[in-house]
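Sequences listed follow chains A and B, in order. The numbering used here puts the first residue of the first sequence at 98, with every later residue one more than the last. The numbering used here puts the first residue of the second sequence at 70, with every later residue one more than the last.
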Amino acid sequence: MRVLIVEDEAALAGQLVAALRGAGFVVDSAKDGEEGFYFGEEYDYDAAIIDLGLPRLDGMGLIRKLRAAERNMPVLILTARGNWQDKVKGLEAGADDYLTKPFQMEELLARLNALIRRAAGYSSPVLEHGELKLDTAKKDVRLSGAPVDLTAYEYKVLEYLMLNPNRVVSKTELTDHLYEQDFDRDSNVIEVFVGRLRKKLDPLNPIRTVRGQGYRFFSDRDV
Amino acid sequence: MKAGIQTRLFFITTLVLGSCLTLAGYILDRSFKASVLTGAEQQLRLVTYSLMGVVDFVDGRVSLSAELPEPRLNQPESGLYASVQMRESVRAWRSPSALTSDVPFPEHVLAMEPGEFQFTEVTDAAAPFYYLSYAVIWGADDGTVLTFTVASETSAFERSMQDFRRNLLFGLTAVLLLFVAAQFLALRWGLSPLRQMADEVRQLEAGDREALSRVYPAELQGLAENLDRFVEHERRSRSRYRNALEDLAHSLKTPLAVVRNALSTANGSNNGSGSDLVREQLARMESTVHHQLSRAAVRGPVVVGSTVVLATLVERLVRALRTAYRDRSIDVSQRIDPELRVRGDEGDLMEIFGNLLENAFKYTGARITIQATRVAAGIEVCIDDDGPGIPEHLREDVLHRGIRADEVQPGQGIGLSVVAELVSLYSSTLSIDSSPLGGARIRLVLK
């Protein structure tokens with residue numbers, strides 16, 4: 098999951114980046130609205146965390162510009178004043194949730210996960226596909242009730258595919274969303290992860306290869 | 070309240086005009102009377118001269134040498150009488166008109182010097198008369214003095230004076246009424262800019278208008294501009310204040326967030342009690358900062374205020390909250406007259422309703438109703454939910470001291486106490502009740 102953080106306070110931005118990376122997110126950080134817009138327009142994000150009080154282009158303006166540029170990732174706004182006028186305006190500008198500073202990092206992570214899940218059309222934190230259950234909150238995967246032992250990267254691949262069901266996801270997209278930028282795009286590590294996942298999820302085989310294009314997670318759910 | 074400018078001007082000008090017209094009427098009446106008297110005297114003089122032309126005085130007796138020139142002197146009770154008297158004799162000549170009526174010719178005129186005219190007005194008698202007497206030495210030889218007196222009843226003159234008075238009164242009254250009407254219209258027209266300004270200031274107060282219109286006469290233009298500048302200044306200083314608060318909030322809360330996060334990251338490696346103390350103090354700082362900033366941000370009821378359409382405000386909040394609480398399927402029904410306006414600052418009202426509605430969203434099961442009705446005390450708004458409700462013994466605490474009724478979902482205590490403070494600033498009331506839906510009912514009565 099790739100997340101954009103736009104926060105001008107260096108210390109807080111550093112903590113957010115660290116906490117999100119710790120939780121397995123790929124993070125880009127921008128220190129003002131204009132930079133935030135550059136990142137947001139240039140790359141594909143699964144979510145964005147935007148502070149309302151930003152230099153150069155304020156958070157409200159940034160959200161409007163992103164939405165106008167058809168960037169539809171869920172946006173969580175951080176507001177220092179926490180007054181309702183700001184919250185309502187932020188949500189009307191296109192944000193999806195708000196958090197008042199100071200906040201608990203755990204709460205931020207929970208909200209962020211919920212936003213990403215909601216954007217994929219899931220209302221429960223547990224993504225289900227037949228006998229396969231993926232708990233996004235606990236980062237726990239079960240097949241017919243039995244825990245499936247996955248590495249962090251295997252989990253990330255499965256979660257991303259399950260959040261984008263019935264859609265062809267290219268290898269490039271997967272690396273973009275799951276790895277920091279310096280990742281070697283030519284390596285076949287994704288193929289290795291998918292291969293291991295298939296083995297671990299046997300006999301269920303929800304991940305199909307679309308030759309020359311990427312992978313597709315088959316789900317009976319309508320999204 | 071003092072009498073209006075229009076009333077004052079109207080009163081004083083009417084008073085002055087009334088006195089002027091009364092005085093003018095009095096003077097005109099006097100002049101007319103004087104001219105009537107002069108006319109009467111003139112007329113009597115002419116009669117006297119013509120009488121003198123026909124009178125003969127032979128052997129102490131008065132006789133007529135010809136027909137009397139004035140026919141009225143021959144006609145009995147005609148109102149015009151004449152007499153000729155001698156000093157030595159009481160017996161006098163009287164005109165035929167005076168023979169049948171007892172005309173009281175004055176006696177004292179016999180003492181008049183020859184060549185003297187005397188005009189007398191007797192008005193107090195039953196039959197008032199004007200008299201003109203003229204003493205003359207008749208014949209150069211014996212020096213007999215004859216006194217001619219012509220008397221005329223005053224009624225004809227009185228009548229003309231009464232006619233004049235009636236006309237005068239009628240005319241002056243008409244002038245007064247016309248003037249009063251003109252004055253009234255002139256005042257209305259002349260003072261209409263003031264009335265317009267008063268109306269516009271009222272609209273400004275109610276928030277129906279942003280500034281005064283620019284079409285005032287020169288005398289008021291300055292005042293209107295100053296008023297506009299004042300309103301604008303107030304608006305600007307409020308927004309400056311708000312920006313300053315925003316900066317303050319940002320620069321206080323962001324470091325707090327950093328410290329808190331640093332603390333929880335360090336928690337694993339650090340040993341217990343010291344960081345617990347720091348965390349506890351940090352929480353106190355956070356809640357103080359939050360609470361005080363929320364209080365400082367309150368604008369309160371304003372003189373040059375605004376009104377807010379309640380239904381729109383609530384709709385915006387509900388839409389925002391639905392976005393934030395997308396996971397929950399909550400049925401929100403709103404029964405608020407779309408025309409209903411609430412007086413107050415939009416930010417304050419959003420704070421009140423935002424906090425109340427967010428609580429409803431947090432604690433409800435599946436339904437929320439919001440309804441507003443006009444009551445005697447103002448506007449009553451009820452927010453109902455079908456959640457667990459608030460136990461009766463906790464209701465006062467929740468409202469007045471901001472103690473959390475439920476530790477599970479933090480943030481609520483501060484929210485409600487800020488709302489309670491805001492509400493009391495607007496001299497409105499907030500109370501908690503049980504909802505017919507099964508949960509809590511928050512009842513807000515806005516003045």
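Backbone N, C-alpha and C define an ideal beta-carbon position, used for all residues, glycine too. Small disclaimer: the values here were computed from a predicted structure and weren't measured.
Which listed residue (the options) has its alpha carbon closest to that of residue i
i	options	result
Val401(B)	Ala389(B), Asn236(B), His462(B), Gln111(B)	Ala389(B)
Tyr199(B)	Ala225(B), Ala180(B), Asp128(B)	Ala225(B)
Asn16(B)	Ile287(A), Leu113(A), Trp181(A), Arg161(A)	This structure does not reach residue 16(B), given that chain B is present from 70 up to 516, and the question cannot be answered.
Gln265(B)	Ala250(B), Leu281(B), Val383(B), Leu256(B)	Leu281(B)
Asn312(B)	Gly111(A), Arg161(A), Asp183(A)	Asp183(A)
Ile405(B)	Glu415(B), Leu379(B), Val387(B), Arg397(B)	Leu379(B)
Ser104(B)	Tyr203(B), Val116(B), Leu149(B), Ser229(B)	Ser229(B)
Val191(B)	Leu201(B), Gly184(B), Pro183(B)	Leu201(B)
Glu167(A)	Ala234(A), Thr176(A), Glu138(A), Ala144(A)	Glu138(A)
Leu325(B)	Lys198(A), Lys268(A), Lys297(A), Ser221(A)	Lys198(A)
Glu514(B)	Ala72(B), Val450(B), Gly291(B)	In the sequence as presented, Glu is not what sits at residue 514(B); that position holds Val. The residue with the shortest Cα to Cα distance from Val514(B) is Val450(B).
Val185(A)	Lys296(A), Leu149(A), Leu212(A), Leu154(A)	Leu149(A)
Val102(A)	Ala177(A), Asn169(A), Glu288(A), Ala127(A)	Per the sequence shown, the amino acid found at residue 102(A) is Ile instead of Val. It is Ala127(A) whose Cα lies nearest to the Cα of Ile102(A).
Ala234(A)	Asp155(A), Leu206(A), Leu247(A)	Leu206(A)
Asn210(A)	Leu173(A), Leu188(A), Ala192(A), Arg313(A)	Leu173(A)
Val444(B)	Ile452(B), Ile399(B), Lys516(B)	Lys516(B)
Ser221(B)	Ser496(B), Pro262(B), Leu113(B)	Leu113(B)
Ala275(B)	Arg410(B), Gly148(B), Ala393(B), Asp466(B)	Arg410(B)
Leu237(B)	Leu90(B), Ala509(B), Leu499(B)	Leu90(B)
Leu273(B)	Ala365(B), Ala293(B), Thr392(B)	Ala293(B)
Arg153(A)	Val265(A), Lys236(A), Glu104(A)	Glu104(A)
Assigned secondary structure, residue i (DSSP; H/G/I helix, E/B strand, else coil)
i	result
Lys230(A)	strand
Arg313(A)	strand
Thr323(B)	helix
Leu499(B)	strand
Val300(B)	helix
Arg464(B)	helix
Ala445(B)	coil
Ser202(B)	strand
Pro300(A)	coil
Pro244(A)	strand
Arg436(B)	strand
Leu513(B)	strand
Phe217(B)	strand
Arg168(A)	coil
Ala145(A)	strand
Val103(A)	strand
Glu222(B)	strand
Asp454(B)	strand
Leu409(B)	coil
Arg308(A)	coil
8 Å Cβ cutoff, residue i in contact with chain C
i	result
Gly413(B)	The structure shown contains no chain C; its protein chains are A and B.
Residue i CB to nearest heavy atom of the ligand GDP below 7 Å
i	result
Phe422(B)	With respect to small molecules bound, the structure shown includes none, and the ligand GDP cannot be examined in it.
What residues in the stretch 153-186 of chain A bring their beta carbon closer than 8 Å to a beta carbon of chain B? Ala177, Arg178, Gly179, Asn180, Trp181, Gln182, Lys184, Val185
Please list the segments of the beta strand (DSSP E) lying wholly inside the stretch 120-196 of chain B, counting only runs of 3 or more residues, in order along the chain. Fully contained in the stretch 120-196 of chain B are the following beta strand (DSSP E) runs of length 3 or more, in chain order: 124-127, 130-133, 149-155, 186-191.
Between the stretch 352-367 of chain B and chain A, which residues of the former have a C-beta closer than 8 Å to a C-beta of the latter? Glu355, His359, Leu362, Ser363, Ala366
Are the stretch 138-154 of chain B and the stretch 217-237 of chain B touching by the rule of at least three beta carbon pairs closer than 8 Å? Flag = yes, the stretch 138-154 of chain B and the stretch 217-237 of chain B touch.
Between the stretch 483-510 of chain B and chain A, which residues of the former have CB atoms less than 7 Å from a CB of the latter, in chain order? Cβ proximity to chain A below 7 Å picks out nothing from the stretch 483-510 of chain B.
Hey, is the stretch 130-149 of chain B in contact with the stretch 165-173 of chain B, meaning 3+ C-beta pairs nearer than 8 Å? For the pair of segments examined, the stretch 130-149 of chain B was found to touch the stretch 165-173 of chain B: the number of CB pairs separated by less than 8 Å reaches three.
Of all the residues that make up the stretch 379-397 of chain B, which are near chain A by a beta-carbon distance shorter than 8 Å? Cβ contacts with chain A: Arg385, Leu386, Arg388, Ala389, Thr392, Ala393, Arg395, Asp396.
Spell out a yes or no on whether the stretch 241-259 of chain B and the stretch 86-97 of chain B are touching, meaning 3 or more CB-CB pairs, one atom from each, closer than 8 Å. Contact between the stretch 241-259 of chain B and the stretch 86-97 of chain B is present: 3 or more CB-CB pairs across the two stretches fall below 8 Å.
Report the start-end ranges of each alpha helix (DSSP H) in the stretch 249-285 of chain A that is 4 residues or longer and not cut off at the edges. 249-260, 268-275
Segment contact flag, the stretch 255-262 of chain A with the stretch 212-230 of chain A, C-beta cutoff 8 Å, min 3 pairs: Contact holds: three or more Cβ-Cβ distances are below 8 Å.
Pairs of beta-carbons, one from the stretch 114-126 of chain A and one from the stretch 154-168 of chain A, closer than 8 Å: are there three or more? Under the three-pair Cβ rule at 8 Å, the stretch 114-126 of chain A does not count as touching the stretch 154-168 of chain A.
Can we say the stretch 302-310 of chain A touches the stretch 240-253 of chain A, given the rule of at least three CB pairs closer than 8 Å? no
Members of the stretch 218-252 of chain A near chain B, C-beta cut-off 7 Å: Ser220
Within 8 Å of chain B by C-beta, residues of the stretch 114-140 of chain A in sequence order: Ala115, Ala116
Quick one: which unbroken beta strand (DSSP E) runs of 3-plus residues sit fully inside the stretch 175-232 of chain A? Chain order, please. 194-197, 223-226, 229-232
Which residues, taken in chain order from the stretch 191-207 of chain A, show a beta carbon closer than 7 Å to some beta carbon of chain B? Asp193, Asp194, Tyr195, Lys198, Pro199, Phe200, Met202
Using a Cβ-Cβ cut-off of less than 7 Å, list which residues of the stretch 316-328 of chain B approach chain A; keep chain order. Ala318, His319, Lys322, Thr323, Leu325, Ala326, Val327
Counting pairs of Cβ atoms below 8 Å between the stretch 254-270 of chain B and the stretch 122-142 of chain B, do you hit three or more? Touching, no.
Across the stretch 174-187 of chain B and the stretch 78-87 of chain B, are there enough close Cβ pairs to call them in contact, namely three or more that are closer than 8 Å? no
I'd like to know if the stretch 446-460 of chain B and the stretch 422-436 of chain B are in contact, where contact means that at least 3 CB-CB pairs between them fall below 8 Å. A contact exists between the stretch 446-460 of chain B and the stretch 422-436 of chain B.
Which complete beta strand (DSSP E) runs does the stretch 77-102 of chain B hold, if anything under 3 residues is left out? none
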